[in-house]
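Before any comments, here is the structure.
Protein chains: 2
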Amino acid sequence: MKEVEKLWEEVRELSLGNNSRIQRLDAAPTAVEFLREFVSQNKPCIINKANLHWPALSLWTQLSYLSKTMSSSLVSLHLTPNGRADSLVKHPSLDQLCFASAHVQQLPFDQALQLVLSNSNSTDSKVVAYLQQQNDCFRSEYSVLGSDCDQHIPWATEALECYPEAVNLWIGNHLSETSFHKDHYENLYAVVSGQKHFLLLPPTDVHRMYIRHYPAAHYSYSQDMLECTLELETPAIHVPWCSVNPYPSPETRETEMAKFPLFFNGPKPFECTVNAGEILYLPSMWFHHVRQSPDENGVTVAVNYWYDMQFDIKYAYFNFLQSIHYKSPHDPTLSEIECEDSGSDASVHNLRDEVRADTLTLNAKQDNEDKWV
Amino acid sequence: MKEVEKLWEEVRELSLGNNSRIQRLDAAPTAVEFLREFVSQNKPCIINKANLHWPALSLWTQLSYLSKTMSSSLVSLHLTPNGRADSLVKHPSLDQLCFASAHVQQLPFDQALQLVLSNSNSTDSKVVAYLQQQNDCFRSEYSVLGSDCDQHIPWATEALECYPEAVNLWIGNHLSETSFHKDHYENLYAVVSGQKHFLLLPPTDVHRMYIRHYPAAHYSYSQDMLECTLELETPAIHVPWCSVNPYPSPETRETEMAKFPLFFNGPKPFECTVNAGEILYLPSMWFHHVRQSPDENGVTVAVNYWYDMQFDIKYAYFNFLQSIHYKSPHDPTLSEIECEDSGSDASVHNLRDEVRADTLTLNAKQDNEDKWV
Numbered sequence: 001m002k003e004v005e006k007l008w009e010e011v012r013e014l015s016l017g018n019n020s021r022i023q024r025l026d027a028a029p030t031a032v033e034f035l036r037e038f039v040s041q042n043k044p045c046i047i048n049k050a051n052l053h054w055p056a057l058s059l060w061t062q063l064s065y066l067s068k069t070m071s072s073s074l075v076s077l078h079l080t081p082n083g084r085a086d087s088l089v090k091h092p093s094l095d096q097l098c099f100a101s102a103h104v105q106q107l108p109f110d111q112a113l114q115l116v117l118s119n120s121n122s123t124d125s126k127v128v129a130y131l132q133q134q135n136d137c138f139r140s141e142y143s144v145l146g147s148d149c150d151q152h153i154p155w156a157t158e159a160l161e162c163y164p165e166a167v168n169l170w171i172g173n174h175l176s177e178t179s180f181h182k183d184h185y186e187n188l189y190a191v192v193s194g195q196k197h198f199l200l201l202p203p204t205d206v207h208r209m210y211i212r213h214y215p216a217a218h219y220s221y222s223q224d225m226l227e228c229t230l231e232l233e234t235p236a237i238h239v240p241w242c243s244v245n246p247y248p249s250p251e252t253r254e255t256e257m258a259k260f261p262l263f264f265n266g267p268k269p270f271e272c273t274v275n276a277g278e279i280l281y282l283p284s285m286w287f288h289h290v291r292q293s294p295d296e297n298g299v300t301v302a303v304n305y306w307y308d309m310q311f312d313i314k315y316a317y318f319n320f321l322q323s324i325h326y327k328s329p330h331d332p333t334l335s336e337i338e339c340e341d342s343g344s345d346a347s348v349h350n351l352r353d354e355v356r357a358d359t360l361t362l363n364a365k366q367d368n369e370d371k372w373v
Numbered sequence: 001m002k003e004v005e006k007l008w009e010e011v012r013e014l015s016l017g018n019n020s021r022i023q024r025l026d027a028a029p030t031a032v033e034f035l036r037e038f039v040s041q042n043k044p045c046i047i048n049k050a051n052l053h054w055p056a057l058s059l060w061t062q063l064s065y066l067s068k069t070m071s072s073s074l075v076s077l078h079l080t081p082n083g084r085a086d087s088l089v090k091h092p093s094l095d096q097l098c099f100a101s102a103h104v105q106q107l108p109f110d111q112a113l114q115l116v117l118s119n120s121n122s123t124d125s126k127v128v129a130y131l132q133q134q135n136d137c138f139r140s141e142y143s144v145l146g147s148d149c150d151q152h153i154p155w156a157t158e159a160l161e162c163y164p165e166a167v168n169l170w171i172g173n174h175l176s177e178t179s180f181h182k183d184h185y186e187n188l189y190a191v192v193s194g195q196k197h198f199l200l201l202p203p204t205d206v207h208r209m210y211i212r213h214y215p216a217a218h219y220s221y222s223q224d225m226l227e228c229t230l231e232l233e234t235p236a237i238h239v240p241w242c243s244v245n246p247y248p249s250p251e252t253r254e255t256e257m258a259k260f261p262l263f264f265n266g267p268k269p270f271e272c273t274v275n276a277g278e279i280l281y282l283p284s285m286w287f288h289h290v291r292q293s294p295d296e297n298g299v300t301v302a303v304n305y306w307y308d309m310q311f312d313i314k315y316a317y318f319n320f321l322q323s324i325h326y327k328s329p330h331d332p333t334l335s336e337i338e339c340e341d342s343g344s345d346a347s348v349h350n351l352r353d354e355v356r357a358d359t360l361t362l363n364a365k366q367d368n369e370d371k372w373v
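Order-wise, the sequence lines are chains H and A.
Sequential numbering from 1 applies to the first sequence in UniProt numbering.
Sequential numbering from 1 applies to the second sequence in UniProt numbering.
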């Protein structure tokens, strides 16, 4: 067995448990327990229901309460044609994948919420709306709701000896989905209403994500939201992003599995559902993919707390691992992977450059039949 | 710059500070601080003087107190011809390096202490004695001294949620020296009298230690201690051990530097002196080399507490790093390094086997002129 694959296994065997299940705690941990068992070990956990006693848990299930309290406050609404912001889509004219961000619009809360709800009643939407902004929006745009939740997670604040760097509110519907990525934060993710479904991979699985540089683009909606275009950023910028979609459509499934064998043939991701009233500790640098199931009103509501991470020996080890090029013998050749050769711009990275810089390539074992999809 | 050397640097820059100094604390940390700042980050620290208020600090400087209290208790005494137990020495008949353990003898405490002291007055000893046994000896052989020290370090016990797995007492003189090695424990090392001088290297520097398998041997003294022989273990066993002696004699210095360029040309080890009344937190997996300066009585006395470590993602990353073969272009060829080709015994590892199994070799940069010796 090759070194990198042994690392994937060892992390699962030694630290995380080999059953692909996230540990569930019946009570909130003390600061010491949280540090020793989870942060130090870079290991996720879920704190079960009944540990949160926020007014939000009952108040926010009445949308009339939210509308009344927020009244005409302006909020940031993310619009996409399919619920997938920050994801890879084929650019219509370039015929290659690009990294597409949502169209962000400031709207009065009530009007924005109606757009989120409109998808619940229609199967033929041209626009999927998601109330979110990852810039500490809960303490700015939504500050009037502040007293409905804790402003921070007390045991995490004590453990990490700092208040959250950002607290974000998320109100979306069943169509919104977040593609695989990682954050440089310790993340405490509290679900208030509905459910969030996570796929999690430890940082040691970095090669299985096929992180490549993609040209950045954003959706742009006309005033009446009837027409959406995908516009490349100018000047061009390239964004490193995970190439893997863990839930390919039946039509693309075979192609996707052939393109990303390390992901589809490797160990199963950790799957978990976080219910209303539960908190997921999502450790820094873990790759995560998120989908959601709405409550009876048709929305999923969550608040997440981003705490600064420590850039310690674990981070240095991660960078070292990532700097090692590793591929499966089943990996397609370069010409088979969609990527841009942007050539002239020295600041722009692309896949070919990465592979040219490769001084060290490991080969995955040939005989892995343990597909999980 | 190559990947492995970048890792050495990044650990120093991000986590440890680039000045090769171990952080000193003026007060004992709380359990939360100890976990967050040190254990989680696998980062050493020294807790300054005045934080220990043990009776031992004054009582044990009177050797008469120790002799009287211990009276004729039997203790383990380690005997070597040069103060270097668990170190590499050339075997006289094999003409190759072997891993030499001390001769261990049970003696009444007073008699054993006299042997430790005898070196202080003589420059021409045939035997160097060291009172130590790393099997929890403080709580067994020395249990009558138990009330003179803490039985555990309270903030470490709270942080790690366990009592020490072993507490060891060390009484030695200026000749005793411990060669580079690592332990799978979180180590709290308290100096009671005299000084301990540590050289420390983070686990990420593993390739700089040139860990190789050496045939195990032990010293054997005749009854009158006038004659010492070095006997190979039978059946033969091979022990993986660090090849580097950081303080080569003037005569061997050039050869040693040529043999171990990654060590001698790489970043300087962390150096620190731990004084009486101070505690060093020596994180699990850190390589350490120890020398000592005696007090006015001619001895150095220390107590160390070994707490179980967590075998978490840091440990898995370490194993991955170690599995990657990495050598300097200045490294001598195999035939120039002393090692045994023991051939027939399948259970025996040796350097050639290791290198044959090498599927992955990184080359160090050619231009490193930053020698620190």
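No residue lacks a Cβ here, since even glycine has one placed at the ideal position from N, Cα and C.
Legend entry - Delimiting residues of the alpha helix (DSSP H) encompassing H/N319: Position 319 of the first sequence holds residue 319 of chain H. Start and end: 313-323.
Inset, instruction - Compute the Euclidean distance between the alpha carbons of H/K314 and A/I171, then round it to the nearest angstrom. - result: The residue labelled residue 314 of chain H in the question sits at position 314 within the first sequence. The residue labelled residue 171 of chain A in the question sits at position 171 within the second sequence. When rounded, the distance between both Cα atoms is 36 Å.
Legend entry - CB contact check: H/I211 to chain A, cutoff 8 Å: In the first sequence, residue 211 of chain H corresponds to position 211, counting from 1. Interface annotation, H/I211: not in contact with chain A, CB-CB separation never under 8 Å.
Legend entry - Environment of A/E254 [buried if 16+ CB atoms lie within 10 Å]: As a position in the second sequence, residue 254 of chain A is number 254, starting the count at 1. A/E254 is classed as exposed because its beta carbon has fewer than 16 other beta carbons within 10 Å across all chains shown.
Inset, instruction - Spell out whether any CB of chain A is found under 8 Å from the CB atom of H/R11. - result: As a position in the first sequence, residue 11 of chain H is number 11, starting the count at 1. One point to set straight first is that residue 11 of chain H is Val, not Arg, in the sequence displayed. Interface residue, yes.
Inset, instruction - Spell out whether any CB of chain A is found under 8 Å from the CB atom of H/A316. - result: Your numbering for residue 316 of chain H matches position 316 in the first sequence. Output row for H/A316: interface = yes.
Inset, instruction - With a cut-off of 8 Å on the beta carbons, I'd call H/S20 and H/E271 a contact; round off their distance for me. - result: Along the first sequence, one-based indexing puts residue 20 of chain H at 20. Along the first sequence, one-based indexing puts residue 271 of chain H at 271. Confirmed, about 7 Å.
Inset, instruction - Measure from the C-beta of A/F311 to each C-beta in chain H and report whether the shortest distance is under 8 Å. - result: Here the question's residue 311 of chain A lines up with position 311 in the second sequence. Yes, its Cβ sits closer than 8 Å to a Cβ of chain H.
Legend entry - Span of the alpha helix (DSSP H) around H/Y65: Here residue 65 of chain H refers to the residue found at position 65 when the first sequence is read from its first residue. H/Y65 -> alpha helix (DSSP H) spans 63-70.
Inset, instruction - Report the rounded CA-to-CA distance for H/L7 versus H/S71, giving the unit in angstroms. - result: Taking the first residue of the first sequence as 1, we reach residue 7 of chain H at position 7. Taking the first residue of the first sequence as 1, we reach residue 71 of chain H at position 71. Computed Cα separation, rounded: 52 Å.
Inset, instruction - Examine the Cβ distances between the region 256-269 of chain A and the region 194-214 of chain A and report whether three or more of them are shorter than 8 Å. - result: Three or more Cβ pairs closer than 8 Å define a contact, and the region 256-269 of chain A meets that threshold against the region 194-214 of chain A.
Legend entry - Local Cβ density within 10 Å of H/C144, reported as buried at 16 or more and exposed below that: Taking the first residue of the first sequence as 1, we reach residue 144 of chain H at position 144. A quick correction: the sequence has Val, not Cys, at residue 144 of chain H. Under this definition H/V144 is an exposed residue.
Legend entry - H/K327 (DSSP reduced to helix, strand or coil): In the first sequence, the residue the question calls residue 327 of chain H occupies position 327. H/K327: strand per DSSP, three-state reduction.
Inset, instruction - Taking only the alpha-carbon atoms, compute the straight-line gap between H/Q292 and H/T229 and give it to the nearest angstrom. - result: To locate residue 292 of chain H, count along the first sequence from 1; it is residue 292. To locate residue 229 of chain H, count along the first sequence from 1; it is residue 229. When the Cα atoms are used, H/Q292 and H/T229 turn out to be separated by approximately 26 Å.
Legend entry - Cβ-based neighbour list, H/T273, same chain, cut-off 6 Å, excluding 5 preceding and 5 following: Counting from one through the first sequence, the residue named residue 273 of chain H turns up at place 273. So the qualifying residues of the chain are Q195, H197.
Legend entry - Within chain A, the residues that H/P202 reaches when beta carbons sit closer than 8 Å: Residue mapping note: residue 202 of chain H aligns to position 202 of the first sequence, counting from 1. Under the 8 Å cutoff, chain A gives I313.
Inset, instruction - Take H/N51 as the anchor and find which of H/P240, H/N275, H/D183 has the nearest alpha-carbon. - result: Position 51 of the first sequence, counted from the first residue, corresponds to residue 51 of chain H. Residue H/N275 is the option with its Cα nearest to H/N51.
Legend entry - Reduced DSSP secondary structure (H/G/I, E/B, other) of H/T229: Residue 229 of chain H sits at position 229 when you count from the first residue of the first sequence. If DSSP states are grouped into helix, strand and coil, H/T229 belongs with the strands.
Inset, instruction - Could you pull out every residue in the same chain whose Cβ sits closer than 7 Å to the Cβ of A/R36, ignoring the five residues on either side in sequence? - result: Position 36 of the second sequence, counted from the start, is the residue given in the question as residue 36 of chain A. Same-chain partners within the cutoff: there are none.
Inset, instruction - For chain A, find out if any of its Cβ atoms is closer than 8 Å to the Cβ of H/Q41; answer yes or no. - result: As a working note, residue 41 of chain H is residue 41 in the first sequence. So, interface residue.
Inset, instruction - Return no unless some Cβ of chain H is closer than 8 Å to the Cβ of A/L280. - result: Walking along the second sequence from the start, residue 280 of chain A turns up at place 280. Residue contact with chain H for A/L280: absent (no Cβ-Cβ distance below 8 Å to any residue of chain H).
Inset, instruction - Pull out every residue of the region 130-160 of chain H whose Cβ sits closer than 8 Å to any Cβ of chain A, in chain order. - result: The residues in question are E158, A159, L160.
Legend entry - Of the residues A/L282, A/E3, A/S73, A/Q41, the one placed nearest A/L113, counting alpha carbons only: By 1-based counting over the second sequence, the position of residue 113 of chain A is 113. Answer by Cα proximity: A/S73.
Legend entry - Which residues DSSP lists as bridging H/I211, in chain order: Your numbering for residue 211 of chain H matches position 211 in the first sequence. Per DSSP, H/C242.
Legend entry - Same chain only: Cβ atoms within 6 Å of H/A216, ignoring 5 sequence neighbours per side: For the purposes of this step, residue 216 of chain H is taken as the residue at position 216 of the first sequence. Cβ neighbours of H/A216 beyond the five flanking positions: F99, E233, I237, V239.
Inset, instruction - Have a look at H/N350 and H/H91 and give me their C-alpha separation to the nearest angstrom. - result: The sequence position of residue 350 of chain H within the first sequence is 350, counting from 1. The sequence position of residue 91 of chain H within the first sequence is 91, counting from 1. Low per-residue confidence applies at H/N350: pLDDT is 32, beneath 50, and the placement is therefore not dependable enough to give any value.
Legend entry - Interface residues of chain C facing A/R208 [CB-CB closer than 7 Å]: In the structure shown, chain C cannot be found, because the protein chains are H and A.
Inset, instruction - Apply the 10 Å Cβ neighbour rule to residue 435 of chain A and answer buried if 16 or more other Cβ atoms are within range, or exposed otherwise. - result: Missing from the structure shown is residue 435 of chain A; chain A here goes from 1 to 373 and no further.
Legend entry - Length-filtered (4 minimum) alpha helix (DSSP H) runs lying within the region 120-177 of chain A: Scanning the region 120-177 of chain A for uninterrupted alpha helix (DSSP H) segments of 4 residues or longer gives 154-160, listed from N- to C-terminal end.
Legend entry - Closest Cα partner of H/L201 within the set H/M285, H/V39, H/M309: For the purposes of this step, residue 201 of chain H is taken as residue 201 along the first sequence, with counting starting at 1. Considering only alpha carbons, the answer is H/M285.
Legend entry - CB contact check: H/L175 to chain A, cutoff 8 Å: Your numbering for residue 175 of chain H matches position 175 in the first sequence. No, no contact with chain A.
Legend entry - alpha helix (DSSP H) segment containing A/D110, residue limits: Mapped onto the second sequence, residue 110 of chain A falls at position 110. Unbroken alpha helix (DSSP H) run through A/D110: 109-118.
Inset, instruction - Tell me, to the nearest whole angstrom, how far the beta carbon of H/W306 is from that of H/N187; I am working on the premise that it is less than 8 Å. - result: As a first step, residue 306 of chain H is located in the first sequence; it is residue number 306 there, counting from the start. As a first step, residue 187 of chain H is located in the first sequence; it is residue number 187 there, counting from the start. Cβ-Cβ separation between H/W306 and H/N187: approximately 6 Å, consistent with a contact (criterion under 8 Å).
Inset, instruction - Would you mind reading off the limits of the alpha helix (DSSP H) that contains A/W8? - result: The sequence position of residue 8 of chain A within the second sequence is 8, counting from 1. First-last of the alpha helix (DSSP H) with A/W8: 3-10.
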